[in-house]
Amino acid sequence: MERRTTARSGTRRTGLPLAATVLTGTVALYIALVAFGNITDFGTNRDFVRHVLAMDTTFHDPDLMWHAITSPALQDAAYVGIIAWETAAAVVLVVATVLGALGLRRGDFGRARRTASMGLLMLLVLFGAGFMAVGGEWFAMWQSKSWNGLEAAARNIVVAGVALIVVHLPGATVSDESGE
Numbered sequence: 023m024e025r026r027t028t029a030r031s032g033t034r035r036t037g038l039p040l041a042a043t044v045l046t047g048t049v050a051l052y053i054a055l056v057a058f059g060n061i062t063d064f065g066t067n068r069d070f071v072r073h074v075l076a077m078d079t080t081f082h083d084p085d086l087m088w089h090a091i092t093s094p095a096l097q098d099a100a101y102v103g104i105i106a107w108e109t110a111a112a113v114v115l116v117v118a119t120v121l122g123a124l125g126l127r128r129g130d131f132g133r134a135r136r137t138a139s140m141g142l143l144m145l146l147v148l149f150g151a152g153f154m155a156v157g158g159e160w161f162a163m164w165q166s167k168s169w170n171g172l173e174a175a176a177r178n179i180v181v182a183g184v185a186l187i188v189v190h191l192p193g194a195t196v197s198d199e200s201g202e
C-alpha cells in the first residue's frame, strides 16, 4: 500500500481513501442514472412494479395470491416510493463523494465514510429488503419468467456491499502518523 506524507497537512495518505471515494462516486452515478431513468421513462419500470405486485405472471398459488396488490393507485404509490428512495440514496452518495474528495485534500475522511455508509446501506435496504425479500419472496417474483428482477437486485447488492466494505477497510481513512 502506497503511503506518502503531504507537505501541506503533514498527514499520511493511502490509495484506499481515493478508491473508496471513486467507488462511492461510481455507485452514486449509477443510482442517479437509475432514478433519472425511472423519472423520465416512468412507464417502463412502472409496468414492472405493477406486474410484480399484481403477481399476475407467477404460478398463481392460491396460498400466495392473497399477497397480490392489484390497485393501480397502490402500485404507482409503491413505484413512486422506490423512485424517491433511489433519488435520496443518489443525493446522499453524491454528497459522500464530494465529502470524500474534500477529505482527501484535508486529510479527514470520517464524514465521507459515515455519509457513504448511509447511502450504501440505503441501497442494500432497497435491493435486499425491497426487491429480494419483499419482491422476490412476498410477491413471488422468483416465479415470473418475464418480470423477475432478482438478478439485477443481486448485482446491486454486490456492488453496494463491496463499496461498503471498501469504505470500511482499516486503511480507508486518511490517518495521522500512527497509521490508524
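Just so it is clear: in the sequence shown, position 108 is 130 by my numbering, and no numbers are missing. By construction, the Cβ of each residue, glycine as well, lies at the ideal position given by its N, Cα and C atoms.
{"Asked": "Rounded to the nearest angstrom, what separates V71 and R128 at their Cα positions?", "Found": "44 Å"}
{"Asked": "For A175 versus V49, is the C-beta distance shorter than 8 Å?", "Found": "no"}
{"Asked": "Can we say the segment 140-149 touches the segment 72-90, given the rule of at least three CB pairs closer than 8 Å?", "Found": "no"}
{"Asked": "Out of curiosity, what's the CA-to-CA distance linking V189 and N67?", "Found": "31 Å"}
{"Asked": "Would you say L126 and T46 are within 8 Å of each other, going by their C-beta atoms?", "Found": "no"}
{"Asked": "Kindly indicate the opening and closing residues of the alpha helix (DSSP H) around P39.", "Found": "37-62"}
{"Asked": "On a CA-only basis, which of P192, A57, P84 is nearest T109? Give me that one, please.", "Found": "A57"}
{"Asked": "What are the start and end residues of the alpha helix (DSSP H) that includes W164?", "Found": "Looking at the DSSP string, W164 is not in any alpha helix (DSSP H), and its letter there is neither H nor E."}
{"Asked": "What three-state label does DSSP hand M77 in the structure shown?", "Found": "coil"}
{"Asked": "If you check the beta carbons only, do A100 and A118 fall under 8 Å apart?", "Found": "no"}
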